[in-house]
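Residue numbers (mature numbering (1 follows the signal peptide of the UniProt record, and there is no 0)): -23 to -1, 1 to 560. The beta carbon of each residue, even a glycine, is placed where N, CA and C say it ideally should be.
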């Protein structure tokens, strides 16, 4: 009898191991409809972009390594794309959702994004990337939770709140686009929104005294640096774009355009209402918006009046520099994988290349430029192509872009304001380790983002970068993130491992600058076409421009999604599905 039980137990263990070996990560299915609708976030009716009738759009919630199947139906009269600010698309720039990698979704049609939150945690957001749609909405939060067995370096909060902040215009997105197309700059924004509103409507966040809560904050706006504070409360920073941080306490935090972070706060004050205050910085005129945190059993409204000097002064660069230099990686915390983040000793990797990227603005030269305002990187203003660059590269279509069109350092002509429009791509080798110095010779804060990668932010200062600036680099615990700021008349240095093959967008997150050319594509290349390095072109890939004809005979090369019987699981009140395990 004992032998039979031992054999049965052994057989059960073998089955469990075999099932685990063949198990796929969970699948999360989302079905989104994109439409126009009337919104009034600043009290003025205007046309906004809704997702499933919502503004902002629904939260994309998942866990590390989950497979995300997002069917997007375009009910707009315009071509449309969604992009994913921080979701890294490992080996899969086919799903990046920008014009250099994807064909637009035509009006009345749909496209299904197939992605995986591979080895990621953290707070991010999605947004519309074509035309000037971002000024109309269409954005929402992304939350990637840790797997249950991976320890998180803080106790589970009582609740989590999404806080999408951003500047906003009452002028329509099409009128703003026309203004830029005519060669003019955008005027200052009209207000600031918190989760799609300027002012509270009742209680925005309900809390209980003595409990701790997490705010996942993303700056989804077009240009403004924003400062966030909670009246009479301190906040503890715990995560920046997928990196657990040293848990410093702050009375307010700066969040630059395109950036995301997480803070904890404890409801340790008397039971009443308190304001969340979001203010613009480095703008000359301060715009402000508020939300309400309401304690259970609140004895009254938030204190009035709000202090005039809530938060740092508008132009206090030292405050911001000191704060950002204090943001460091928590080397004792686990990451998305069961190994310490600190085991990645980036300082011991040989830098194979140094790239200096200087921003500039000026009239466009050459045919078609017309002398209109353009923004540039190293004197080159990106010109949109008639075919996604990723498809042109895959099908070997010549004449779509010029590889090597972005120099590794700003040429002398860039200092004079001369801007050349070109569909230029920077070439790079897979697994190279690169030092990138972002230089800002202008008077406004700039913000830069690289799709598909995170970068180690090793240095940042005002003034001019030189080789001696490396002496002050943080080569121990620099934070790893995907969006970094560059202060006026200053520089920011990052180190990046180009370990993700594909065609990736490097862009200004100041959206008018990006729209008028301050972006380029980085081609992370390997000569072999192996699924170990990059996934095959998806079976549902849209083909447009010159790729439409080139791809007609390619149907046999495209990967076909494998049909599978679906079993369902429930996650955050959304019915999701998962393919069954097989032996």
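Where residue i and residue j are concerned, what is the direct C-alpha to C-alpha distance, given to the nearest angstrom?
{"i": "residue 105", "j": "residue 87", "result": "15 Å"}
{"i": "residue 294", "j": "residue 464", "result": "8 Å"}
{"i": "residue 327", "j": "residue 434", "result": "16 Å"}
{"i": "residue 209", "j": "residue 229", "result": "11 Å"}
{"i": "residue 325", "j": "residue 439", "result": "27 Å"}
{"i": "residue 429", "j": "residue 496", "result": "15 Å"}
{"i": "residue 431", "j": "residue 473", "result": "7 Å"}
{"i": "residue 357", "j": "residue 338", "result": "10 Å"}
{"i": "residue 511", "j": "residue 498", "result": "17 Å"}
{"i": "residue 134", "j": "residue 411", "result": "38 Å"}
{"i": "residue 382", "j": "residue 396", "result": "13 Å"}
{"i": "residue 154", "j": "residue 143", "result": "18 Å"}
{"i": "residue 444", "j": "residue 483", "result": "24 Å"}
{"i": "residue 470", "j": "residue 454", "result": "14 Å"}
{"i": "residue 491", "j": "residue 352", "result": "8 Å"}
{"i": "residue 565", "j": "residue 514", "result": "Only positions -23 to 560 of the chain appear in the structure, and residue 565 is not among them; the question remains open."}
{"i": "residue 323", "j": "residue 451", "result": "10 Å"}
{"i": "residue 162", "j": "residue 489", "result": "8 Å"}
{"i": "residue 291", "j": "residue 261", "result": "7 Å"}
{"i": "residue 376", "j": "residue 502", "result": "19 Å"}
{"i": "residue 82", "j": "residue 361", "result": "17 Å"}
{"i": "residue 107", "j": "residue 119", "result": "20 Å"}
{"i": "residue 242", "j": "residue 212", "result": "5 Å"}
{"i": "residue 191", "j": "residue 169", "result": "22 Å"}
{"i": "residue 283", "j": "residue 114", "result": "29 Å"}
{"i": "residue 186", "j": "residue 509", "result": "51 Å"}
{"i": "residue -2", "j": "residue 125", "result": "For residue -2, the predicted model reports a pLDDT of 42, less than 50, meaning its position is unreliable; a value from the coordinates is still stated below. Whole-angstrom Cα-Cα distance: 20 Å."}
{"i": "residue 330", "j": "residue 415", "result": "14 Å"}
{"i": "residue 344", "j": "residue 494", "result": "Reliability fails at residue 344, whose pLDDT of 45 lies under 50, so the model's placement of it is uncertain and the value that follows must be treated cautiously. About 16 Å."}
{"i": "residue 232", "j": "residue 296", "result": "13 Å"}
{"i": "residue 148", "j": "residue 132", "result": "44 Å"}
If you drop the 5 nearest sequence neighbours on each side, which residues of the same chain put their C-beta closer than 7 Å to that of residue i?
{"i": "residue 117", "result": "28, 33, 34, 35, 36, 37, 102, 103"}
{"i": "residue 22", "result": "15"}
Give the DSSP-derived three-state secondary structure of residue i in the structure shown.
{"i": "residue 86", "result": "coil"}
{"i": "residue 512", "result": "coil"}
{"i": "residue 53", "result": "coil"}
{"i": "residue 187", "result": "coil"}
{"i": "residue 325", "result": "helix"}
{"i": "residue 71", "result": "helix"}
{"i": "residue 10", "result": "strand"}
{"i": "residue 48", "result": "strand"}
{"i": "residue 396", "result": "strand"}
{"i": "residue 299", "result": "helix"}
{"i": "residue 448", "result": "helix"}
{"i": "residue 151", "result": "helix"}
{"i": "residue 490", "result": "helix"}
{"i": "residue 105", "result": "strand"}
{"i": "residue 426", "result": "strand"}
{"i": "residue 146", "result": "coil"}
{"i": "residue 19", "result": "coil"}
{"i": "residue 294", "result": "helix"}
Considering only their Cβ atoms, is the gap separating residue j from residue i smaller than 7 Å?
{"i": "residue 181", "j": "residue 269", "result": "yes"}
{"i": "residue 47", "j": "residue 90", "result": "yes"}
{"i": "residue 98", "j": "residue 222", "result": "no"}
{"i": "residue 252", "j": "residue 273", "result": "no"}
{"i": "residue 244", "j": "residue 184", "result": "yes"}
{"i": "residue 480", "j": "residue 235", "result": "no"}
{"i": "residue 96", "j": "residue 341", "result": "no"}
{"i": "residue 413", "j": "residue 332", "result": "yes"}
{"i": "residue 257", "j": "residue 336", "result": "no"}
{"i": "residue 442", "j": "residue 425", "result": "no"}
Leaving out the 5 sequence neighbours to the left and right, which residues in its chain are closer than 8 Å to residue i when beta-carbon positions are compared?
{"i": "residue 159", "result": "349"}
{"i": "residue 276", "result": "247, 248, 249"}
{"i": "residue 374", "result": "364, 368, 523, 524, 527"}
{"i": "residue 456", "result": "217, 220, 222, 304, 305, 306, 433, 434"}
{"i": "residue 178", "result": "none"}
{"i": "residue 388", "result": "355, 356"}
{"i": "residue 130", "result": "215, 221, 224, 307, 309, 310, 311"}
{"i": "residue 458", "result": "217, 218, 219, 220, 236, 431, 432, 434"}
Who are the near neighbours of residue i in its chain, counting only those whose CB is closer than 6 Å to its CB and skipping five residues on each side?
{"i": "residue 172", "result": "141"}
{"i": "residue 5", "result": "39, 43, 45, 553"}
{"i": "residue 100", "result": "193, 237, 239"}
{"i": "residue 500", "result": "402, 404, 480"}
{"i": "residue 8", "result": "48"}
{"i": "residue 188", "result": "135, 244"}
Cβ contact (3+ pairs, closer than 8 Å) linking the region 40 to 55 and the region 8 to 27: yes
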